[in-house]
Amino acid sequence: LVCETLFGRAGGSRSRRLSRSPSRFWGQGTAARVLTGSIAGTGEGAPSSSRVFVVRSDQDIYIQTLRKLFNETHGIFMGLQRSEEELAGKSRKAQLVQVSKNYRSVIRACMEDMHQAAVSTRDPALQGQYSTQVSILSAMELIWNLCEILFVEAAAAGPLLLRLLDWVRLHVCDVDSMVREVLSSESPSKHKLFWNVVDIFVLQGRMDEARHLLSKEASANPTSMNMYKILDDLMKKMPVPSLGNTQTLTELELKWQHWHEECQRYLQDGTFASNPHMESICKILLGDEDAILEKKELMTTWYHFLVTRLLYSHPAVKPLELRFYAQSSMDLFLGGESSPEPLDMILMAAFEFEIHQVIKECSIVLSNWWFVAHLTDLLDHCKLLQSHNLYFGSNMREFLLLEYASGLFSHHSLWQLGVDYFDHCPEYGRVYLELHIERIPLSTEQKALKVLRICEQRQMHEQVRSICKIMAMKALRNNRLGSALSWSIRAKDAAFATLISDRFLKDYCERGCFSDLDLIDNLGPSMLLSDRLTFLGKYREFHRLYGEKRFPEAARLLLTLMTAHIAPCSFWMKLLMDALPLLEQKEVVFSAEQTYELMRCLEDLTAGNPDQQKFQADDKTTKVEMLRLALARNLARVIVKEGTVEGS
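The sequence shown begins at 738 in our numbering and counts up by one.
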């Protein structure tokens, strides 16, 4: 369904093959087939049709051995986005080619790690899983390398063939084990695989290595020395393109034509007629398609055949000519015996310079979005996707990055990488990030702080408040009042801060002491969030002043708390009782005016009780009487003291 949205309806036999038959290169993944409802025909009585979509979850992110791929390529991706100084011309191209090689090096490193894991494990199921992943990573590198040559580097005629030869040599590794087996034998030229190895070297254009092996044949069979020297001379003189500007294409074509005529002459003269192996090699040098196809088992793939065919028939092939040779090479190599697999169709689309088709088919076949997201981003930096905007407002690069990052957010730790990918999606990235970050399970306070920091850095105020409220509620349920208060202050939630402040005051009344003193003592301006929080902070400050025997300051603060009406009514008696020790001090603490205020507060408390008789009969009566007595005695002391001062 995603691919349908992104690329339009899958048309043609190619797309049907991709969705119908799995390739040996790709894992099955987790898939669910969804059958949509019938779609009415256009005309009356026209048959209705149904469509089946394959919806897959991105399971690869849970494979432990692929964590290296996701983590290390994230750094490469970020480095590419940060390169704001867009270099011009060759410098910019060289930079992008290096980025592409960096991506490939990580793929290859992961492939080697996976191979080692497959070798070391004894579990057949795990071994099969690792082997499948090795095949997938190998195919991914194969496709990426070809895209690097054709799209990123955009190799011109001449160097293009050299790049394709390197591409084939890198991805066809069977010859290496064969070479070791042949060279380690007592008589290499007599080994049953000797000529196979020579043929593979020739098919891959590795002339120096082929000549080295042929010299062993000449040493072992002096009768073939003359043929060997001629063939060795032909292989030595074979013109090849140069990476520098040392020769023009015209010069290359002229040299190649003369060399080709010389090879043709020796073949027609029957120089190699007595040695079928050398004669076969000469035919290959001439680009004889039948002779090359006879070595089909050694090449194993049609694209190996394509590059060999170009090497010996069209060494100066131009990029736009590749599509014709690629299609004919695949047809000749498969010969109707088998149908192209998904990997074949992806490579063919690349040779046809159909970038969007490459991305589309990789999206359909691969079991995760990593490959298409990063490849598309790189091609977008190469300015190759600028004209392809999607009908719903985004572009292909952003769409694929959003899908990849969304998959990362389903993982318990990789979600942190997804944040950076969303950051570099200018159109919808922030919206996606806001939606996904709210779904992250805040299992620990450390994780919550990490998520909170991400939101604060991006000024995501709604998400910040939401996270803080969630964590405050969790802390409150666990009776961790200090943590709950801290989170509520961070959320700037006055109502919740009031609720927690009431819990603090209730605990104080029950236990006679405050918990989390460090937090309450250092509330600072945060206490202004709510009246109750202000009262909590100031009430704690009163106790601190009292403990430090700073009685006049403590008395003023206590009176302020009562007259400012920020204390809960249920706490007034507690405040008045706190004033009792100050009233009984040897030195007068409260002035006459302050004493009158305390008296008024006491009368308001007693008068405000709807059940006066019950109040009088309650234990609090004793407290009230004690307070009245202490206030009267303090008032008398104050009057005497103030009168004495005035008289003197």
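For glycine and all other residues, C-beta sits at the position ideal for the given N, C-alpha and C. Here the structure is a predicted model, which means the values were calculated and not measured.
In the structure shown, N933 adopts helical secondary structure according to DSSP, grouped into three states. Cβ-Cβ separation between L1298 and F1279: approximately 7 angstroms, consistent with a contact (criterion under 8 angstroms). Between G942 and L1048, the beta carbon gap of about 5 angstroms places them in contact (Cβ cut-off 8 angstroms).
When rounded, the separation of the alpha-carbon atoms in A947 and L1022 is 13 angstroms.
In this structure, Q870 is the residue among W1309, I880, Q870 and I1029 with its C-alpha nearest to the C-alpha of L806. For the beta strand (DSSP E) assignment, the segment 913-989 encloses no uninterrupted run of at least 3 residues. For G1219, the enclosing alpha helix (DSSP H) covers residues L1218 to A1228.
The C-alpha of L1057 lies about 11 angstroms from the C-alpha of L897. Spanning the alpha carbons of R1134 and D1117 requires a straight line of approximately 7 angstroms.
Sixteen is the threshold: since fewer than 16 other Cβ atoms of the shown chains lie within 10 Å of the Cβ of F1061, the residue is exposed.
In the displayed model, N1132 falls within a strand according to three-state DSSP.
Under the three-state reduction of DSSP, E1058 is assigned to helix.
Per DSSP, reduced to three states, the secondary structure at T869 is helical. In this chain, the alpha helix (DSSP H) harbouring D1315 covers W1309 to L1320.
Taking 7 angstroms as the cut-off, the beta carbon of E890 is found no closer than this to the beta carbon of V843. Cβ-Cβ distances below 6 angstroms link V912 to I937 in the same chain, with the five nearest sequence neighbours on each side left out; the list follows chain order. Here H995 is exposed. Its C-beta has fewer than 16 other C-beta atoms within 10 Å. As the crow flies, the alpha-carbon of V1188 is around 10 angstroms from that of P1178.
Pairing L883 with A1053 gives a Cβ-Cβ distance that is not under 7 angstroms.
If you draw a straight line from the Cα of L1145 to the Cα of F1136, it is about 15 angstroms long.
Around the beta carbon of N1215, fewer than 16 other beta carbons lie within 10 angstroms, which makes this residue exposed. Burial state of D797 is buried, judged by a 10 Å Cβ sphere holding 16 or more other Cβ atoms. Out of T1359, E1285, D1341 and P1262, the CA that lies nearest to the CA of G1274 is found in P1262. Taken in chain order, the complete alpha helix (DSSP H) segments of 4 residues or longer contained in the segment 818-899 are 826-857 and 861-884. If the five residues before and after K992 are omitted, its C-beta is found closer than 7 angstroms to the C-beta atoms of P976, all from its own chain and listed in chain order.
Between V919 and L907, the C-beta spacing is not below 7 angstroms. Approximately 11 angstroms separates the beta-carbon atoms of T802 and A846; this is outside 8 angstroms, ruling out the contact. Contact between the segment 1327-1347 and the segment 1355-1372 is established, with three or more Cβ pairs separated by less than 8 angstroms. Inter-segment contact for the segment 1031-1043 and the segment 967-976 is absent: fewer than three beta-carbon pairs are separated by less than 8 angstroms.
Where M1036 is concerned, the enclosing alpha helix (DSSP H) starts and stops at K1033 to M1036.
For L901, the closest C-alpha among the options D1068, L1084 and M1314 is that of L1084. For H1198, the closest alpha carbon among the candidates H949, A1228 and S921 is that of A1228.
Ranked by Cα distance from L1172, the first of L1139, Q1194 and R1190 is L1139. Here V1375 has V1325, F1327, S1328, A1329 and T1332 as same chain residues with Cβ atoms under 8 angstroms from its own Cβ, once five neighbours each way along the sequence are excluded. Judged by DSSP in its simplified three-state form, G1073 adopts coil rather than helix or strand. Taking 4 residues as the shortest admissible run, the segment 1098-1124 contains the following complete alpha helix (DSSP H) segments, listed from N- to C-terminal end: 1107-1118.
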